[in-house]
Amino acid sequence: MPFIPHTLRDVNSMLDSIGASSVEELFSEIPNSIERTQLMGIQRGVPEMEMTRRLAERAKKDEVGPCFMGAGCYDHHIPAAVWDLASRGEFLTPYTPYQAEASQGTLQLLYEFQTMMSSLTGMDVANASVYDGGSGLAEAILMAIRCNRKATSRRVLVCGGVNPLYVQAARTLVSSQGIELIQCPHEKGTHTIESLSGGDFAALVVQQPNFFGQLENVDAISDWTKSHNALLVAVVNPITLPVLSPPGEWGRQGADICCGDGQPLGIPMASGGPSFGFLCTNMPYVRQLPGRIVGRTKDRDGEIGYTLTLQAREQHIRRAKATSNICTNQGLLVTAATIYLSLVGLRGIQSVASACHANTTNLVNRLCRSDQIERTFSGEFFHEAAVDLHCDAQFVADKLLDRHGIVAGLPLGQVFSDLQSSLLVCATEKRTEQEIEHFSDALQECVADG
Amino acid sequence: MPFIPHTLRDVNSMLDSIGASSVEELFSEIPNSIERTQLMGIQRGVPEMEMTRRLAERAKKDEVGPCFMGAGCYDHHIPAAVWDLASRGEFLTPYTPYQAEASQGTLQLLYEFQTMMSSLTGMDVANASVYDGGSGLAEAILMAIRCNRKATSRRVLVCGGVNPLYVQAARTLVSSQGIELIQCPHEKGTHTIESLSGGDFAALVVQQPNFFGQLENVDAISDWTKSHNALLVAVVNPITLPVLSPPGEWGRQGADICCGDGQPLGIPMASGGPSFGFLCTNMPYVRQLPGRIVGRTKDRDGEIGYTLTLQAREQHIRRAKATSNICTNQGLLVTAATIYLSLVGLRGIQSVASACHANTTNLVNRLCRSDQIERTFSGEFFHEAAVDLHCDAQFVADKLLDRHGIVAGLPLGQVFSDLQSSLLVCATEKRTEQEIEHFSDALQECVADG
Amino acid sequence: MANETIFDISQPNRIAHAQCPESGSLADLPPNCVRKTPPLIPEVSEIQAIRHYTNLSQQNFAIDRNFYPLGSCTMKYNPRGAHRVASLPGFLNRHPLTAASASQGVLECLFDLQEILAVVTGTDAVSLAPMAGAQGELAGLLMIRAYHNEQGDTDRDEVIIPTAAHGTNPATATMCGYKVAEVQVGGDGDVDLEDLKRTVSSRTAAIMLTNPSTCAVFERQITEISDVVHDAGGLLYYDGANLNAILGKICPGNMGFDVLHLNLHKTFATPHGGGGPGAGPVAVNNRLARFLPIPVVGFVDNQFDWLGEQQLPQTIGRLSAFMGNTGILIRALAYALMLGREGMVRVAEHATLNANYLAKELERVGFTLAYPNRKATHEFLVTLTSEAKDLQVRAMDFAKRLLDFGIHAPTTYFPLLVPECLLIEPTETECKEQLDEFVDAMKHIREEAVNDPDTVRGAPHGLYRKRLDEVQAARELDLAWSPPDDES
Amino acid sequence: MANETIFDISQPNRIAHAQCPESGSLADLPPNCVRKTPPLIPEVSEIQAIRHYTNLSQQNFAIDRNFYPLGSCTMKYNPRGAHRVASLPGFLNRHPLTAASASQGVLECLFDLQEILAVVTGTDAVSLAPMAGAQGELAGLLMIRAYHNEQGDTDRDEVIIPTAAHGTNPATATMCGYKVAEVQVGGDGDVDLEDLKRTVSSRTAAIMLTNPSTCAVFERQITEISDVVHDAGGLLYYDGANLNAILGKICPGNMGFDVLHLNLHKTFATPHGGGGPGAGPVAVNNRLARFLPIPVVGFVDNQFDWLGEQQLPQTIGRLSAFMGNTGILIRALAYALMLGREGMVRVAEHATLNANYLAKELERVGFTLAYPNRKATHEFLVTLTSEAKDLQVRAMDFAKRLLDFGIHAPTTYFPLLVPECLLIEPTETECKEQLDEFVDAMKHIREEAVNDPDTVRGAPHGLYRKRLDEVQAARELDLAWSPPDDES
Ligand SMILES: Cc1ncc(COP(=O)(O)O)c(C=O)c1O
Ligand SMILES: Cc1ncc(COP(=O)(O)O)c(C=O)c1O
């Protein structure tokens, strides 16, 4: 009985006290008509040692070489201290900080997180996380619909440069509320306001840098959206924000809602989860923000302290009228991200961002020296770029993995049927000159073969 | 300037306050005649990310398959919680608990450790660690000489079954104090009292189970030693003590001093260090025990608390007359061992011990099914055994490592020139049936080849 | 010092050099895309950051430090061994879009977990995609909606939910475009069957139930409920938050449920992380299997592979960018492997034993159980109405005062149905001595409530902060730090 | 609860099943070898053990929580990155006797560290074997003895040590079979050169010195001392405990030292672990290189390999069973790589800047420096004789009172030479604000010493325990727990 402390003596004395003759008796209210579980096929328990051996064998199978894949999940360096601290029992094992007095550590940290996120995005407030970038986009869209009281339409324009996996998730999650997501096709990798379809719409979603790594003209898109009385939802990668213009400052009025995935901030790739989604907005819309929010207040002695606030937005108070059904969020990852940002610091995070840009630029330049490879789209990119291999990109990627253990970028054909020959590559600050050189040589070789 | 927080402004304002015009000026008392260091050949600093990459590459090189080597260092399972807890900053980064009020956590833990160690060994008291098993033996010998006031001799008999690496270390460390270590050759892997040389001696050192894994007749040896008015120094492996008779109960009077290496108790092999040495004795000799000792006491309010005690034995008080020069010890490893013992618990540690015995028995039985392999010595062994391959054991071990990545046992020829064809093997609780089978097949194959 | 935020200790131009890679040029970026003023990111040394967050952490209660009898949350021991395996480099460094050929390890883990969860819930198919219980609920209702739509049954626009239900149930129904029809709970904690019969109709899409219910008793009429709803053409949704009570004993599949979610962060012992992450896999019987959210893991052509829209064309779709909270799923598998079949049954048995013992002991020292004639399940409800009325000491005061004893407060004021209640769930991983300590503390507080009520009302006294002013927090919203100058 | 030991919460037959491998039979062991009564090992659940040690840990001060200006101990930040690399499986799972062919990774690390330490100390050869400073000292004196023996100089039986020296110096001399000859320290903190001249003789084997000295000042006559001792045929031993003060600026090799140890757990930032482990590598010039303790790492035939007795037949021998504290050595290398050449110099510079600033500020608020006319090095001495005499508040009281401010006490009463002293070493990793906070605290305590001396004398007040009774601890020795019954 792993993890169960009872000795036989304990069990007997507890049964005595209850006045039951057996543990089974405690289940007597379960009607006999309900068949007992058999647990067929579940093996006998094994100790930690054996469990570890089995799973370690499996983990070993998945070890691969350097990663040049981005597409929403990035291989950044994580300072050792981040998880040494985040894994402390005091951060790892508490529940949601409903009992504020017993949770000041987590609450103050969340307040600091909200501060950093709202400053990074240039918005007034941030919540304490939603599940991930994809579901975060869904929440942002639902929120935009709620906030845009003037709009009669439940249509939302979604730029073609928004991460298609986010859009898929959002589509699932908002599908039953009569909201229509209208995809605006990109033109050669970005959007001009001319290309954005008109008609009635309540909000527009744009991503910067977009899924292809390209920089959109967000100022123009923002102004255009506002001129249609629609709300602007910005999807951003937080690692770019120390150097890129924040959504709060896009165009004349800035974005209204900003969301994205926090994985780049000290969260391991870990197959894509757990990471966390973030959601920011400005003060006028704060009561429409879903998820937990921490506020600074005072205790009885007048000491500064922190507590969850505006809970009347949430399911446990507001039930069917809540802004969202979210309850458990991604707190631990927010803890890690907050520690990450503090450890790496302003200068560090600026350096990380610029090094990612420089490394990807270096990679793309190297690749494009080959006759067979060129950029799929022109225009500026940040730390991802689509390159056209003029052959089956999936085939090339598979070969690189097989032969060299390199996780090449994403074959864009997986998500866009018209981009079968393109690969979306990314070189973070973690990729060395040698790795970039090796990858680019190996890729060119595979392309030449293929 | 990694890890240095000063901004330029800080430096200037501090210099102002000091009244110095430059940092260099603070070094003005260093005579100019002393040449400045050039640091030739030392590279420029790299960030944590790059340092990690470089060292991870090296660590990768040293990854090998299953380990069947013992010889003083053992591949046991370590519960995840052990190092999750021991690596907490509060255990990892304090200094020695001289300021008792600010160190109650470490002090109470050490008191619990002393309790477990003294109970495991059947002795009255344990200290809070020495460096390792080898240097621990040296301290035990020095202590025995100090304790045996009746003895005129400074000769110490050392059984041939004592770990030869411990004996080498002890020889170095006691060499300049006129102490003579007399090696008593073993007879077919163990010692009978008939084989122990007589003559004057102050103490005798015996190891149980001995270096070959064999069980000595410690009762007889203990009684024989006492009958010569000599002190008995026991060298033991703590993982065996939950099931083997404790030194305190050997023979009619028990051992006087007990030492060994704590590595089996939750400490990774880590190339042999850091682990920790332990040293136990009985009350009459406590003032001759080197190293730190924690005592339970009260605070001003009468609350139970803990503090270092009997410090007058130690170098910082007693200086040239101290029991030892030891200052920094192996505290963190003791922390891990204490947590290990608590987590695994009485039943767990008994199971670990018996599983090691069973696995090694299984391994030896399998190996000895081959015509070419037999046990080097007869008699009972615990969880290590010497097997005679009747060919060059070093050659076979090298081949096993090369071909199969298996760390076969220790080729005994490395330490005993008369045992070139023997291999000292060990199968801890961590080795699976399959690994044992695979190793035994591979070994038999190599022997057949060789 | 104690009060400082990380921003208070930040200083311009302080750099943690070991965390700065060589920076690259940004000169090629269009100027309008480049940020003009730097964000408010701390500028501290590594040791400052470490001290700040180490010290903050010490202000938290946590399972690793405290007994945490928080009803409905199943705050059991979170095995460190599960945390370690999930942190192995092969799992941790895997990019979510890495090809299946180089992901067989993690895929096999997920596949095994799907199988185990299907067995323990008595269902036919599982998707691990939902990232928490609430997302599992949403996925479940979306599947129900898809099912009815497929049947051409498009008028079903109501979900029936007991008044005592957890807030996520009605919130989810709304998110899924359903109206909520409440059904009453009777005086014995069971659903009012007559009211249910009045409530069901051809508009009923489903009923959402927890069993044991949020009243902490076993819903004895579950078969009747199932018949009533099924007969009306509705489906049964099982909120798995309380699965710990029956793990390995009985399963939702055998109680008539069609679809359910599990909270792996409750029943399968993954840590709550101060709010999350969790995982809320959904399990369904065969009639709903084709609607499962993607990705699902299959075993095809002798290798494990992702099943997506192609293989499951009727899927409700994707719920997140990748595969939910994979790291949590690995932890849950690790836990399941350690428990094994015999361990699972013991979970329910000892969770139930602990709850019944604690209920009995509290009753013995004078507390009132909300359902004194019912057996406790893995948890039970105490009501402090008489204390509130006679002594003006409320459930929240008891809860806060418990903190001073190093014990986390039980869940308070949930379900809303039971006035002044404490929902107490000890879990199976707590020992008898710990339960006795809790009883002693409660008894002590009760005596205080009589003799020295202000001490209870003013609690906590010995924590890092006294009781916090939530009203001020909501009225004078302060949600982000700003430099002291800006404040004036 | 708070007071309980792990044995108090232990209960017979409680088993942590997940930590129990299947047990094997012991039936084949000779009965007299088998244990009769089980040892006192706790019987608790995993969560009980975790809570117990998590809560205990919170009773500790530590670098990760507190400023720790503990003179002579160089309590600087211990980079977590170094801890992580040393914990990589390749390093952690390596059996010490694994063949060199499968150990090139760790061997290369050790080789690199040897090279780096030789450069920073200005010496010719290094052995990493010693496990702490004190063992380094012993190795050093053993080499000195071996050298003199080889020269036939067997009458040298004295080691000269300044009165202010650290206790390990004389203790080591004794362990090495030497007599200790003390040399006086002058009023300015430097060695009394005339006394030294009187003390040296043909019996002088060596002098052991720290520079900066344990009086926290730079020994300005080091060249003269070197000449005096060398002229008498003795050698110079450098105790590297204070190397932080000069790292990268000057080196012991250039000061005339023949042999030295480093404390990697001080200068190279490896954590102190609540008492250890450390590492005390020895470095020597060419005349002593052949005596270095084994193993040493060499680069032979294009691969790294261990050098043992065969390659170094004159070695003083082995100091431990394997290769000292290898894990600590890897951490030190990681730190050295991050510092790099430019970082090393900055260590000495900022350690010195911090100490001089702190000394000046303390002087400004009224404290008396032991050597007011000297520059501080990486540390400095304050003497509280006037406070002790005028106010009956002693250095120890100041030290204990500082704990109430969350600041660890400086080293007290060392060196013994300076009455009522505090030896204060801020290290380079502390920021100015932290130093200012320390000054404020000291100033505050000084005011208390005047106005409310009992508060200082009774300190600490706000820690887990009040001042502990050391006299009782030594008089009524209680060194191991026993069950309450046994105690009566
Ligand atoms: C009964 C019940 N249902 C649903 C939930 C929601 O689960 P989650 O927090 O994982 O979204 C909870 C969680 O507290 C619960 O207790
Ligand atoms: C001056 C001095 N010398 C020697 C030592 C002994 O070093 P270790 O504790 O590593 O044995 C110390 C340690 O405190 C010291 O400060």
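Residue numbers (our numbering), protein chains in the order written: chain A, 133 to 582; chain B, 133 to 582; chain C, 148 to 635; chain D, 148 to 635.
For each residue, glycine too, the CB sits at the ideal point set by N, CA and C.
Remember, it's a predicted structure, so these values are computed and weren't measured experimentally.
- Near ligand 1, meaning a beta-carbon closer than 6 Å to one of its heavy atoms, we find Cys459(A), Thr460(A), Ser219(C), Cys220(C), Ala279(C), Gly280(C), Ala281(C), His313(C), Thr315(C), Thr357(C), Thr361(C), Asp386(C), Ala388(C), Asn410(C), Gly425(C) and Gly427(C).
- In the DSSP annotation of this structure, the continuous segment of the beta strand (DSSP E) that includes Pro309(D) starts and ends at Glu305 to Pro309.
- For Met355(D), the secondary structure class from DSSP, reduced to helix, strand or coil, is strand.
- Here Lys536(D) is not bridged, per DSSP, to any residue.
- The beta carbons of Tyr263(B) and Val367(B) sit no closer together than 8 Å.
- Annotation: the continuous beta strand (DSSP E) that includes Cys316(B) extends over Glu312 to Cys316.
- Using a CB distance cut-off of 8 Å, Lys590(C) does not count as an interface residue toward chain A.
- Here DSSP, grouped into helix, strand and coil, assigns Glu496(C) to helix.
- Counting along the chain, the unbroken alpha helix (DSSP H) around Ile194(D) starts and ends at Glu193 to Ser204.
- Taking 8 Å as the cut-off, the Cβ atoms of Val306(D) and Met355(D) count as close.
- With a cutoff of 8 Å on beta-carbon distance, Ser553(B) and Arg498(B) are scored as not near each other.
- Between Asn389(C) and Pro359(C), the CB-CB gap stays under 8 Å.
- One alpha carbon belongs to Pro137(A), the other to Ala272(C), and they sit about 34 Å apart.
- Not flagged as an interface residue toward chain D: Pro317(B), since no C-beta distance is shorter than 8 Å.
- Leu480(D) is the residue among Leu480(D), Pro428(D) and Asp211(D) whose C-alpha sits nearest the C-alpha of Met183(B).
- Interface criterion not met: the Cβ of Asn520(C) is under 8 Å from no Cβ in chain D.
- Residues of chain A with a Cβ closer than 8 Å to the Cβ of Asn160(D) are, in chain order, Thr139, Leu140 and Arg141.
- Counting C-beta pairs closer than 8 Å gives three or more between the stretch 543-561 of chain C and the stretch 604-611 of chain C, which meets the contact rule.
- The continuous beta strand (DSSP E) containing Arg287(A) extends over residues Arg287 to Cys291.
- The stretch 280-300 of chain A makes no contact with the stretch 373-387 of chain A; the number of CB pairs closer than 8 Å stays below 3.
- Beta-bridge pairing by DSSP links Asp386(D) to His408(D).
- Per the Cβ contact rule, the stretch 436-454 of chain A is in contact with the stretch 419-428 of chain A (3 or more Cβ pairs under 8 Å).
- The alpha-carbon separation between Ala152(B) and Asp632(C) amounts to approximately 33 Å.
- In the three-state reduction of the DSSP assignment, Pro442(D) falls in the coil class, being assigned neither a helical nor a strand state.
- Distances from the CA of Glu156(A) to each of Ile369(C), Arg367(C), Asn503(C) and Ala468(C) were compared; the closest alpha carbon is that of Asn503(C).
- For Asp520(B), the enclosing beta strand (DSSP E) starts and ends at Glu516 to Asp520.
- Judged by their CB atoms, Glu496(D) and Cys220(D) are not nearer to each other than the 8 Å cut-off.
- If you look at Lys562(A), you'll find it isn't in any alpha helix (DSSP H); DSSP assigns it neither H nor E.
- For Cys180(C), the closest C-alpha among the options Phe514(A), Leu521(A) and Pro543(A) is that of Phe514(A).
- For Pro179(A), the neighbours in chain D by C-beta distance under 9 Å run, in chain order, His164, Ala165, Gln166, Cys167, Pro168 and Glu169.
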